[in-house]
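Right, one structure below, let's go through it.
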Amino acid sequence: MISRRAFAIGLGLVPLGVGALADERFEVELTEEEWRERLTPAQYAVLRDHETERAYTNELMGERSPLLEESRDGTYTCAGCEQELYRSETKYDSGTGWPSFWEAIDGAVGTRDDYSMFLIRRTEVHCARCGGHLGHIFEDGPEPTGLRHCINGLAMNFVPD
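For the sequence shown, this note's numbering gives the first residue as -11, with consecutive numbering after it.
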């Protein structure tokens, strides 16, 4: 059981994790109204409100991403700004129900500590160009990096080669 002190400290860290991204500046910065016009409701929920689609169905708010099953050669891009994020050569089946990659394209993503689950520190990954939330990075991936970029399919588009 968690102590009251640890719980209070954890609550204090939540704004740090949420507010950190708000202080960053990005090449693509739109008003919330412009983001809502550009994105579908589910894409907005993921990219701007840090929501997570359901595992395996990759569905949120009635919208579904087909990218978990995508197996063609190509590039995964940010649904918010078209930044190239991941190449198909780095995609693998992690068994988690979300599109997973062992490496992003150089300079395409940024990271920050995420304390949104109270005392559990996770690494949030976002688009380096627009700041859109993509998912999280875990240290249980395959070689050569040992990383698993666990990405919401609704946060991306796919461009075949």
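Here a beta-carbon is modelled for each residue, glycine too, at the ideal position from N, C-alpha and C.
Because the structure is a prediction, the values reported are computed rather than measured.
Between the Cα of residue i and those of the options, spot the shortest distance and give me the residue it belongs to.
| i | options | result |
| --- | --- | --- |
| R36 | L135, C115 and P132 | C115 |
| A30 | V16, L56, Y44 and A67 | A67 |
| E22 | E58, C69, T45 and M144 | C69 |
| L73 | E25, L18 and W90 | W90 |
Given that a residue counts as buried once 16 or more other Cβ atoms are within 10 Å of its Cβ, and exposed if not, what is residue i?
| i | result |
| --- | --- |
| A96 | buried |
| A(-6) | Because the pLDDT of A(-6) is 43, which lies under 50, any placement of that residue in the model is unreliable, and the number read from its coordinates should be weighed accordingly. Classification for A(-6): exposed. |
| G134 | exposed |
| H13 | What sits at residue 13 in the sequence shown is Arg, not His. It counts as exposed. |
| E131 | exposed |
| V113 | buried |
| A43 | exposed |
| Y80 | exposed |
| M144 | buried |
| G119 | buried |
| G50 | exposed |
| T78 | buried |
| S88 | buried |
| E20 | exposed |
I need the boundaries of the alpha helix (DSSP H) containing residue i, first residue and last residue.
| i | result |
| --- | --- |
| P148 | No alpha helix (DSSP H) holds P148; the beta strand (DSSP E) holding it covers M144 to P148. |
| L35 | P29 to L35 |
Go to residue i, then tell me how far its beta strand (DSSP E) extends in each direction, as first and last residue.
| i | result |
| --- | --- |
| E72 | E72 to R75 |
| V16 | Premise fails: V16 is in no beta strand (DSSP E) and is neither H nor E. |
| T99 | V97 to M105 |
| C118 | Here C118 belongs to no beta strand (DSSP E), and DSSP marks it neither H nor E. |
What is the DSSP secondary structure of residue i, reduced to helix, strand or coil?
| i | result |
| --- | --- |
| E112 | strand |
| G62 | strand |
| R26 | helix |
| E91 | coil |
| G68 | coil |
Looking at the C-beta of residue i, does it have a partner C-beta in chain B at a distance below 7 Å?
| i | result |
| --- | --- |
| P132 | In the structure shown, chain B does not exist; there is a single protein chain. |
With residue i and residue j assumed to form a contact (beta carbons below 8 Å), what rounded beta-carbon distance in angstroms separates them?
| i | j | result |
| --- | --- | --- |
| H137 | A92 | 6 Å |
| L142 | S53 | 5 Å |
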